[in-house]
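*Asks:* For the sequence shown, the working numbering gives the first residue as 2, with consecutive numbering after it.
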Amino acid sequence: MWLISVGGPGKGMHSRLYLRVLNEYQQIQSFSAFNSIFNNTGLFGIYENIGMQILTYGERKSVQSFLKMVDEVTLCDITDMAEKIISSPLTMASYGDVINVPSYESVSSKFRSKGVYHEF
Numbered sequence: 002m003w004l005i006s007v008g009g010p011g012k013g014m015h016s017r018l019y020l021r022v023l024n025e026y027q028q029i030q031s032f033s034a035f036n037s038i039f040n041n042t043g044l045f046g047i048y049e050n051i052g053m054q055i056l057t058y059g060e061r062k063s064v065q066s067f068l069k070m071v072d073e074v075t076l077c078d079i080t081d082m083a084e085k086i087i088s089s090p091l092t093m094a095s096y097g098d099v100i101n102v103p104s105y106e107s108v109s110s111k112f113r114s115k116g117v118y119h120e121f
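Pasting the structure below:
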């Protein structure tokens, strides 16, 4: 279950559940809801991102520590990441009437010819 509408009427609006939990429990900074449907049963749950933080960082981090990490990102960090992304092979997907879509090789060769990325 998404907590923010991503399309249609109300696009970008928070769900009532999301707003109610965050308004009533000030100590909660973020949470997610999920719904899984199986053959004979279903599962619905709500969890904070604390578990993800512990798995990723080995501890719960404060909002201030995340803001500090963002502030520490340098232009060099961004440039290095951009170079890593554009140096990987192109990913291409098409949907619908693809008769006029150029081939993968045709599109990726345009990037290689400009030196945007190289294959490993």
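For glycine and all other residues, C-beta sits at the position ideal for the given N, C-alpha and C.
1. Beta carbon of D78: closer than 6 Å to some heavy atom of the ligand FMN?
2. What is the residue span of the alpha helix (DSSP H) that Q65 lies within?
3. Give me the residue from A34, T92, T42 with the minimum Cα distance to S107.
*Replies:* Let me spell this out:
1. The ligand FMN is absent from the structure shown, which contains no ligand whatsoever.
2. Run containing Q65: 64-72, per the alpha helix (DSSP H) assignment.
3. Minimum Cα distance to S107 is reached at T92.
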